[in-house]
Amino acid sequence: MKKLDAAIAKKIAPSALMVLIAGPIFLFFVMDLIMFAAMSGTRGATSPNQVVDLSMEIVICIMTGVLSAFGVRSILRALKD
1 MKKLDAAIAK KIAPSALMVL IAGPIFLFFV MDLIMFAAMS GTRGATSPNQ VVDLSMEIVI
61 CIMTGVLSAF GVRSILRALK D
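Oh and the sequence shown: position 11 is 11 in this note's numbering, straight run, nothing missing.
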């Protein structure tokens, strides 16, 4: 790994910002999906609105997870080179 100088910091700044924004959003949606799964057995029937919201949350969770993983990979690649 290289030492962190100004050129490398400028190179990894967009990826770090991406991880700092998308990472907590990903964790929030993962926790929300876990809570939905845990509570769905006790609430009874699922309404159509909940199904639409759940599918949208799954898509957003996947996209933010991919975005976070890409950001981490970009940072590690920049530090490795």
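Heads up, the beta-carbon is just placed ideally off N, CA and C, and yes, glycines get one too. Computed from a predicted structure; not experimentally measured.
| Item | Value |
| --- | --- |
| Taking buried to mean at least 16 other C-beta atoms within 10 Å of its own C-beta, is residue 38 buried or exposed? | exposed |
| Run the CB neighbour count on residue 64, radius 10 Å, all protein chains shown included, and call it buried at 16 or more, exposed below. | buried |
| Does residue 40 come out as helix, strand or coil in the three-state DSSP assignment? | helix |
| Checking 8 Å against the spacing of the C-beta atoms, do residue 78 and residue 12 come in under that value? | yes |
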